[in-house]
Amino acid sequence: MEMEMEKSRVLVVGGTGYIGRRIVKASLEAGHPTYVLQRAEIGLDIDKLQMLLSFKKQGAHLVEASYSDHQSLVEAVKLADVVISAISGAHIRSHQILLQLKLVEAIKEAGNVKKFLPSEFGMDPARMAHGLAPGRITFDEKMVVRKAIEEAGIPRTYVSANCFAGYFAGGLCQIGRITPARDRVLILGDGNAKAIFVDEDDVAAYTIKAIDDPRTLNKTVYLRPQENILSQRELVEIWESLIGKTLEKIQVPEEEFLDSMKGKDIGQQAGIGHLYHILYEGCLTNFEIGEEGVEASQLYPDINYTRMTDYLKQYL
Ligand code: NDP
Numbered sequence: 007m008e009m010e011m012e013k014s015r016v017l018v019v020g021g022t023g024y025i026g027r028r029i030v031k032a033s034l035e036a037g038h039p040t041y042v043l044q045r046a047e048i049g050l051d052i053d054k055l056q057m058l059l060s061f062k063k064q065g066a067h068l069v070e071a072s073y074s075d076h077q078s079l080v081e082a083v084k085l086a087d088v089v090i091s092a093i094s095g096a097h098i099r100s101h102q103i104l105l106q107l108k109l110v111e112a113i114k115e116a117g118n119v120k121k122f123l124p125s126e127f128g129m130d131p132a133r134m135a136h137g138l139a140p141g142r143i144t145f146d147e148k149m150v151v152r153k154a155i156e157e158a159g160i161p162r163t164y165v166s167a168n169c170f171a172g173y174f175a176g177g178l179c180q181i182g183r184i185t186p187a188r189d190r191v192l193i194l195g196d197g198n199a200k201a202i203f204v205d206e207d208d209v210a211a212y213t214i215k216a217i218d219d220p221r222t223l224n225k226t227v228y229l230r231p232q233e234n235i236l237s238q239r240e241l242v243e244i245w246e247s248l249i250g251k252t253l254e255k256i257q258v259p260e261e262e263f264l265d266s267m268k269g270k271d272i273g274q275q276a277g278i279g280h281l282y283h284i285l286y287e288g289c290l291t292n293f294e295i296g297e298e299g300v301e302a303s304q305l306y307p308d309i310n311y312t313r314m315t316d317y318l319k320q321y322l
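Given below as structure tokens:
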């Protein structure tokens, strides 16, 4: 008789966040016993509490712990086979990547965790040593966390999710916009560099698929769904065909784009730097995945990922 493999127990840290809530949902849907960290510090944040309670209604277990109470973190991670962190790491919202060093300490002490997925879910920080300030803080801090994980000998998987569609496709890659324009659009560079756009629910689904897969052990999982590898011009064309109108296009030379950082807050500066790397440099697609990585849509062809035509329809 074929034995069904037991599903690993998953602890999600940062579970109420933008990507974290989707990871909790995907974990529950895939049938993993799912634990979600409930921070003691949430105070009177009733929206957060209600989200946590809604996870509980869907079958998750809430685990109280605090980053300032090491033992509570150790007890929390002891409940799980796999720990997924989705702690914040975008300057427009909150940036707490280094808090994960406390989580790494707890995982090391608990000693039971079979795999840790730190909060990555973006560009591969290992390829961004040349990143522009101040946005490079994200890459640098993620590398500090990687080093701690690797030095502690913790089995791991890094998920490189490329562009969350909500931020990048939704706004047609415009700084300061998350909805698609209907009149004119700035084309960054020649507009032909290929980027990769991924629906956030698909990011979560691929992440959950990867946790029990031995092929992802100590590897980076790159999310490159073939039909979502698009240039900015191709993305704009998709939107144009949906609205039945051609947008005015204004090409922005490299220097002008970089100059636009001046006087902006750190969130926007980081965003400009990241978009520079993605759309002028083509940093998401200008390399082959080597021995250290695997590609998610090849590993999990059963995931029917969302194409950008369907994603953009929601803004009509
Ligand atoms: P969020 O800003 O939504 O925050 C996630 C969670 O971080 C929060 O819900 C909270 O978890 C926790 N958190 C926030 N502040 C604190 C604090 N002071 N102390 C402890 N915990 C805190 O994160 P995102 O979903 O935007 O980012 C997650 C990851 O995704 C990051 O690594 C980021 O770099 C990456 N990212 C990638 C993008 C892309 O396009 N590829 C775009 C944006 C982010 P809780 O309250 O539940 O404990």
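Numbered as in my numbering, the sequence shown ends at 322 without a single skipped number.
Backbone N, C-alpha and C define an ideal beta-carbon position, used for all residues, glycine too.
query: C-alpha gap between residue 66 and residue 55, whole angstroms; result: 14 angstroms
query: Chain-order list of residues whose beta-carbon lies under 7 angstroms from that of residue 7 (same chain, five-residue window excluded); result: Note on residue 7: pLDDT 45, under 50, position unreliable in the model; the coordinate value appears next. Result list for residue 7: empty, nothing under 7 angstroms.
query: Top-ranked residue by Cα proximity to residue 240, from 107, 14, 316 and 200; result: 200
query: Whole-number beta carbon distance between residue 274 and residue 181, since they are thought to touch under 8 angstroms; result: 6 angstroms
query: Residue 128 CB to nearest heavy atom of the ligand NDP below 7 angstroms; result: yes
query: Proximity test, residue 26 beta-carbon vs the ligand NDP heavy atom, cut-off 7 angstroms; result: yes
query: Any non-hydrogen atom of the ligand NDP within 7 angstroms of residue 174 CB; result: yes
query: Any non-hydrogen atom of the ligand NDP within 7 angstroms of residue 142 CB; result: no
query: Residue burial classification, residue 62 (beta-carbon count within 10 angstroms, cutoff 16); result: exposed
query: Continuous beta strand (DSSP E) stretch holding residue 181: start and end; result: No beta strand (DSSP E) holds residue 181; DSSP gives it neither H nor E.
query: Heavy atom of the ligand NDP within 7 angstroms of residue 282 beta-carbon; result: no
query: Any non-hydrogen atom of the ligand NDP closer than 7 angstroms to residue 216 Cβ; result: no
query: Where residue 98 falls, given that 16 or more other Cβ within 10 Å makes a residue buried; result: exposed
query: Nearest-angstrom Cα separation, counted from residue 152 out to residue 139; result: 20 angstroms
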